[in-house]
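Novice: After the structure tokens below, expect a handful of questions from me.
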């Protein structure tokens, strides 16, 4: 986590956020990083303004902006007293768009925000802004669950070293590095999961392979994926953390959330799927399905070459 030197903290005063604020201040202090605290004021339709007050819309809107500015200034003043290089910023518009534009404009290398949802088995932890940022923000996004322990007790790195290409070659080591860095901050555990399956098993059964032959093929595939995982672990030195390795046969959409729950994971570090050079290719179906099921903080990262569909030029 030492790599982050220009952090953007999202403040939403409608959400409990002290854990996210604490994480941002702690990380900025440790890294001697610059911390920008931004709040985005959404513009409401004119008919909404008229329904709640007789005050002219522009006058009321300016009062809201002034209130947010005072709140974020007070927050930043407290950070500065703690020795953090912090500044405040209030903008108007659609939150995720303005946040990404700020990332592009000021070249932030990490976005931190509080989880908007309540979590739990039937409630999504991540709200609209979080999901938009995890899909489209060009830098890593750390969504902090309000009840998260700190330092993290158990961090899980979800990797797929079996895939090849420039994106995976850069993404998997980054995931493992960041997860290892988070785990090393305390007495926490590092867990690493790689989910695999025997491709085409259904069809080889149809072709008449015996159960022994299928089992032999499955074991051969398992060993191949173990070698992929060993190669990745050889690239990123996390041996001091004595990582718990989980090489699991199955579907990642099911296996990752199950492991998060079984091991009491505090933070999941995972990549988002995109294609280099294609602007805004959405977060992969697997990643999104996993995010919809988990109840812990998440740090998502993009491969090198990711291009966000949001630009500075399209701001009116």
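In my numbering, the protein residues as written are 1 to 316.
Just so you know, even glycine gets a beta-carbon here, dropped at the ideal spot from N, CA and C.
1) Give a yes or no on whether 7 Å exceeds the smallest Cβ distance from residue 15 to chain C.
2) Have a look at residue 5 and residue 31 and give me their C-alpha separation to the nearest angstrom.
3) With distances taken between CB atoms, is the gap from residue 142 to residue 299 smaller than 7 Å?
4) Quick one: complete beta strand (DSSP E) runs, 3+ long, within the region 54-140?
5) So, helix, strand or coil for residue 154, using DSSP?
6) What does residue 6 pair with, by DSSP beta-bridge criteria?
7) Rounded to a whole number of angstroms, what is the C-alpha to C-alpha distance between residue 97 and residue 154?
8) Can you check whether the CB of residue 114 is closer than 7 Å to the CB of residue 17?
9) Buried or exposed for residue 11, going by 16 or more other Cβ atoms inside 10 Å?
10) Tell me the rounded alpha-carbon separation between residue 55 and residue 91.
11) Can you tell me whether DSSP reads residue 193 as helix, strand or coil?
12) Less than 7 Å between the beta carbons of residue 25 and residue 84, yes or no?
13) Who pairs with residue 268 in a beta bridge, going by DSSP?
14) Quick test of your reading: residue 265 and residue 289, contact by CB under 8 Å. State the CB separation rounded to the nearest angstrom.
15) Under a Cβ-count criterion, where at least 16 other Cβ atoms within 10 Å of its own Cβ denotes burial, should residue 163 be classed as buried or exposed?
16) Nearest-angstrom Cα distance between residue 305 and residue 130?
17) Given this structure, state the Cα-to-Cα distance separating residue 78 from residue 112, to the nearest angstrom.
18) Which two residues bound the contiguous alpha helix (DSSP H) that contains residue 223?
19) Return yes when the Cβ of residue 308 is within less than 7 Å of the Cβ of residue 71, no when it is not.
20) Give me the residue from 247, 234, 132 and 293 with the minimum Cα distance to residue 224.
21) Under the rule that 16 or more other beta-carbon atoms within 10 Å means buried, what is residue 280, buried or exposed?
22) How should residue 14 be labelled, buried or exposed, when 16 other C-beta atoms within 10 angstroms of its C-beta is the threshold for buried?
23) Measuring CB to CB, does residue 100 end up less than 7 Å from residue 310?
24) Quick check on residue 234: buried or exposed, where buried means 16 or more other Cβ atoms within 10 Å of its Cβ?
25) Which same chain residues end up closer than 7 Å to residue 170 when comparing Cβ atoms and leaving out the 5 residues on each side of it in sequence?
26) Just to confirm before moving on: does the CB-CB distance between residue 103 and residue 68 stay below 7 Å?
27) Which partner residues does residue 144 have in the DSSP bridge list?
28) What number of angstroms, rounded off, separates the C-alpha of residue 3 from the C-alpha of residue 29?
29) Would you identify the three-state DSSP class for residue 245, choosing helix, strand or coil?
Specialist: From the atom records:
1) Protein chain content of the structure displayed is limited to a single chain, and chain C is not contained in it.
2) 6 Å
3) At a Cβ-Cβ threshold of 7 Å, residue 142 and residue 299 count as neighbours.
4) 85-92 and 110-114
5) Strand, per DSSP.
6) 34
7) 32 Å
8) yes
9) buried
10) Roughly 22 Å between the two C-alpha positions.
11) strand
12) Yes, these two residues count as a Cβ contact at 7 Å.
13) 156 and 298
14) Residue 265 to residue 289, Cβ: 17 Å. No contact.
15) exposed
16) 21 Å
17) 18 Å
18) For residue 223, the uninterrupted alpha helix (DSSP H) segment begins and ends at 211-235.
19) no
20) 247
21) In this prediction, residue 280 has a pLDDT of 36, which is less than 50 and means its spatial position is unreliable; what the coordinates show is noted afterwards. Exposed is the call here.
22) Exposed is the call here.
23) Taking 7 Å as the Cβ cut-off, residue 100 and residue 310 qualify as a contacting pair.
24) exposed
25) Excluding sequence positions up to five before and after residue 170, its CB lies within less than 7 Å of the CB of 303 and 304, all in the same chain and listed in chain order.
26) no
27) 114
28) For residue 3 and residue 29, the gap between their C-alpha atoms comes out near 13 Å.
29) Note: residue 245 maps to strand in three-state DSSP.
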